[in-house]
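This report refers to the structure that appears directly beneath it.
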Amino acid sequence: MEKASLVVLISGSGSNLKAIIDAIKNKQLYAEIKAVISNQATAKGLALAAEENIPTYVVDYKKYQSRESFDQAMMQIIDPVKPDLVILAGFMRILSNDFIEHYQHRLINIHPSLLPKYKGLNTHQQAIDNQDKVHGASVHYVSYELDSGPVVIQATVPVLANDNVATLAERVLNEEHKIYSMAIKMHIEGRISFNNNQLQLDNKPLTKPLLWQDDTLIY
Ligand code: GRF
-14 MEKASLVVLI
-4 SGSGSNLKAI
6 IDAIKNKQLY
16 AEIKAVISNQ
26 ATAKGLALAA
36 EENIPTYVVD
46 YKKYQSRESF
56 DQAMMQIIDP
66 VKPDLVILAG
76 FMRILSNDFI
86 EHYQHRLINI
96 HPSLLPKYKG
106 LNTHQQAIDN
116 QDKVHGASVH
126 YVSYELDSGP
136 VVIQATVPVL
146 ANDNVATLAE
156 RVLNEEHKIY
166 SMAIKMHIEG
176 RISFNNNQLQ
186 LDNKPLTKPL
196 LWQDDTLIY
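Mapping of the sequence shown onto the working numbering: residues -14 to 204, in sequence order.
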């Protein structure tokens, strides 16, 4: 079997990217990251990728007239490496429908909330403001509507009485790093498929997300 070909899109610190690099190094993932693309030249994740000799690219949206032309520029980098999976890892730009359609069923995102709760930004603040007892993260395939595609795995964490955004975000991020590689593994091993847009795991409809709780994966 050939190594799976991955492309990772980032905007910031790239800690999820680092977790994926580590999962490849420790042989959890039989894959190679062929490109890391950032929309921000200052993204710390770029240095991290360069250290690993992964080709890095900056696509500066300010240089493009429209969302579509920006996305086209990214596609011109992505398509030559024929990715099995395009991974959004803290990528903070809304993608055009054309981009999403082009990579349909092989475009995946991680979002720091228990979707469908708290789509969009400031998820940790909202969990605290609403006095949620449980918060978490979701790995989902990308659909046309923001943070709305089918969810593969969710990780839960407790919200503690003295939590602030930073402490809660750190606890969630820690779990993000684990569940993202799990979902990527299921994808590249072909365990995940789509039947008429219905997400399937091992050829059976996945009607509710897998749950990563207390270091255990619940099917
Ligand atoms: C993560 O919480 C991710 O879910 C969100 O942005 C953060 C990015 O973290 N979309 P990093 O860049 O992977 O460290």
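Glycine is no exception: its CB is placed at the ideal position from the N, C-alpha and C atoms. These numbers were taken from a predicted model, which means no experiment stands behind them.
- Ranked by Cα distance from residue 38, the options 21, 155, 77 and 117 are led by 21.
- The beta-bridge partner set that DSSP reports for residue 183 consists of 180.
- At the C-beta level, residue 9 and residue 16 come within 8 angstroms of one another.
- Ranked by Cα distance from residue 34, the first of 80, 54, 56 and 74 is 74.
- By the Cβ test, the region 102 to 115 is in contact with the region 149 to 163, since at least three Cβ pairs between them sit closer than 8 angstroms.
- Cβ contact annotation for residue 1 (same chain, cutoff 7 angstroms, sequence separation greater than five): 74, 75, 95, 161, 162 and 165, in chain order.
- Residue 24 is positioned such that its CB atom lies no closer than 8 angstroms to that of residue 51.
- With contacts defined as CB atoms closer than 8 angstroms, residue 26 and residue 43 qualify as a contacting pair.
- Classified as exposed, residue -14 has fewer than 16 neighbouring CB atoms from the shown chains inside 10 Å of its CB.
- Around the beta carbon of residue 77, fewer than 16 other beta carbons sit within 10 angstroms, so the residue counts as exposed.
- CA-CA distance, residue 130 to residue 40, rounds to 30 angstroms.
- Here the alpha carbon of residue -10 sits roughly 6 angstroms from the alpha carbon of residue 19.
- Taking 8 angstroms as the cut-off, the Cβ atoms of residue 127 and residue 177 do not count as close.
- Unbroken alpha helix (DSSP H) stretches of 4 residues or longer found wholly inside the region -4 to 83: 0 to 10, 29 to 36 and 52 to 63, given in chain order.
- Taking the Cβ of residue 101 as the reference point, every heavy atom of the ligand GRF lies at 7 angstroms or farther away.
- Contact between residue 123 and residue 100 holds: CB atoms are separated by about 4 angstroms, below the 8 angstroms threshold.
- Residue 194 has its Cβ no nearer than 7 angstroms to any heavy atom of the ligand GRF.
- Relative to the ligand GRF, residue 0 has its C-beta within less than 7 angstroms of a heavy atom.
- Per DSSP, residue 139 is one residue of the beta strand (DSSP E) stretching across 136 to 143.
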